[in-house]
Amino acid sequence: MKLIIGGSFQGKSAYAAEYFSPSPIVADGSTCTQEKILQCDILDHLHLYIRRLLEQPIPENEIEKQIDSLCKNNPSIYIVCNELGNGVVPMEAFDRRYRETVGRICCNIAKQAEEVIRIVCGIPIVLKK
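Take any residue in the sequence shown, note its place counting from 1, add 54, and you have its number in my numbering.
Quick look at the structure:
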């Protein structure tokens, strides 16, 4: 499993897609099902998938378990996620909870990942290999 992180529109998705030829199976976190994640090469927008789960009446620890299970059941997956914790702290309680949950989940994924890459201006910076 590889985790690719970075700010919005920094080239994360394009970087992940380079490793699959001719075309990767991509699950878009803003709309995909759990089943699609189990079958995909790339989970793009993990942060939006987490937001969708938080909008449901599911305890946060269950969300973390669900993401962990998805990663373990698709060990070759590339996970692409925006970094949310580098800006202004949101005023709304839900938005703070969302930001914190994404941060915790990314920390857990990074521990398990064989590689963690941060993309800045399209340039990969290997954080873990």
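Every residue gets a Cβ at the ideal spot worked out from N, C-alpha and C, and that includes glycine.
What does the Cβ neighbour count give for D98, buried or exposed, with the cut at 16 atoms within 10 Å? buried
Quick one: is E89 buried, meaning 16 or more other Cβ sit within 10 Å of its Cβ, or exposed? exposed
When you compare the CB positions of R105 and Y152, do they come within less than 8 Å of one another, or not? yes
Given a cut-off of 8 Å on the beta-carbon distance, is the pair I173 and G83 in contact? no
Tell me the DSSP bridge mates of Y132? K56 and I96
Look at the alpha carbon of I159 and the alpha carbon of S75, and state the distance between them as a whole number of angstroms. 29 Å
Compute the Euclidean distance between the alpha carbons of N115 and T155, then round it to the nearest angstrom. 9 Å
Considering just the uninterrupted stretch of the alpha helix (DSSP H) at E114, what are its terminal residues? E114 to N127
V143: first and last residue of the uninterrupted alpha helix (DSSP H) it sits in: Premise fails: V143 is in no alpha helix (DSSP H) and is neither H nor E.
CB-CB length for L108 against I117, believed under 8 Å: 7 Å
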